[in-house]
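A.B. asks: Here the protein sequences come in this chain order: V and B. In terms of my numbering, the first sequence is residues 5 to 121. In terms of my numbering, the second sequence is residues 5 to 114. All residues carry an ideal CB built from backbone N, CA and C; glycine is no exception.
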Amino acid sequence: SAVISQKPSRDICQRGTSLTIQCQVDSQVTMMFWYRQQPGQSLTLIATANQGSEATYESGFVIDKFPISRPNLTFSTLTVSNMSPEDSSIYLCSVEGDRETTTGELFFGEGSRLTVL
Amino acid sequence: RKEVEQDPGPFNVPEGATVAFNCTYSNSASQSFFWYRQDCRKEPKLLMSVYSSGNEDGRFTAQLNRASQYISLLIRDSKLSDSATYLCVVTSGGTYKYIFGTGTRLKVLA
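1) Is the CB of glutamate 122 of chain V under 8 angstroms away from at least one CB in chain B?
2) I want to verify the contact list: residues of chain B whose CB lies under 8 angstroms from the CB of leucine 47 of chain V, in sequence order.
3) Give a yes or no on whether the C-beta atoms belonging to leucine 47 of chain V and phenylalanine 104 of chain B are separated by under 8 angstroms.
4) Determine the burial state of proline 48 of chain B: buried for a count of at least 16 other Cβ atoms within 10 Å of its Cβ, exposed for fewer.
5) Leaving out five residues before and five after glutamate 7 of chain B in sequence, what residues of the same chain have Cβ atoms less than 8 angstroms from its Cβ?
6) Just to make sure I have the definition right: I need the residues of chain B whose C-beta is within less than 9 angstroms of the C-beta of leucine 96 of chain V. Which are they?
7) Run the CB neighbour count on tyrosine 56 of chain B, radius 10 Å, all protein chains shown included, and call it buried at 16 or more, exposed below.
8) Looking at phenylalanine 37 of chain B: is its Cβ nearer than 8 angstroms to the Cβ of leucine 51 of chain B?
9) Is there a Cβ from chain V that is less than 8 angstroms from the Cβ of serine 36 of chain B?
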């Protein structure tokens, strides 16, 4: 399994500001995933972050709004830019388990709960 | 049509009851299937993977029907601690993408 640390765990932000969420994994992983879970909803994939290349964004998500960094194989950041109340959500960092030792399931950080006023 | 569909519930059942959830998926090329459990204000955690032959883990049984493209989860002898949201997860065929269903809420009542 993978141990994933995310911070901040929660924050309350003002409209128009930006917040950067950090994700640290206890082992080297090729891909890191960023998900969003809006209130009462399921998880939606924002983007996949690979080390050494630009992140791959899903439909409806753009780099200008959600810039991602992946400086090494154990760390990534997601920035939520120019926030509006609609960005209030839980943001989750995730990695896939080693397919040789697990069934390839996803492991999640504890999430960052963002409230935008 | 959503790629992964679940009945959102809530399912309210008494302790000791047996409850079953179904999940349907649209991509016939999907290769891996999972049930996750998510407690309120917590991150999702793997409950069990789902194999073609079906698999059981204590009170939990998962089944996969590829022909009909659905997955099921059966919980026997429900406990209060089983109260949670159960998420059906399917990997998109040929890619690394994990697609989450909207989840089914279960509440086990004393």
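C.D. replies: If we stick to the structure as given:
1) Residue numbering for chain V in the displayed model covers 5 to 121; residue 122 of chain V lies beyond these limits and cannot be assessed.
2) Pro48, Leu91, Phe104
3) Annotated as proximal: leucine 47 of chain V and phenylalanine 104 of chain B, with beta-carbon spacing under 8 angstroms.
4) buried
5) Tyr29, Ser30, Asn31, Val94, Ser96, Ile103
6) Neighbours of leucine 96 of chain V in chain B, taken as residues whose beta carbon is under 9 angstroms from its own, are Glu47, Pro48 in chain order.
7) A quick correction: the sequence has serine, not tyrosine, at residue 56 of chain B. When all chains shown are included, serine 56 of chain B counts as exposed.
8) no
9) yes
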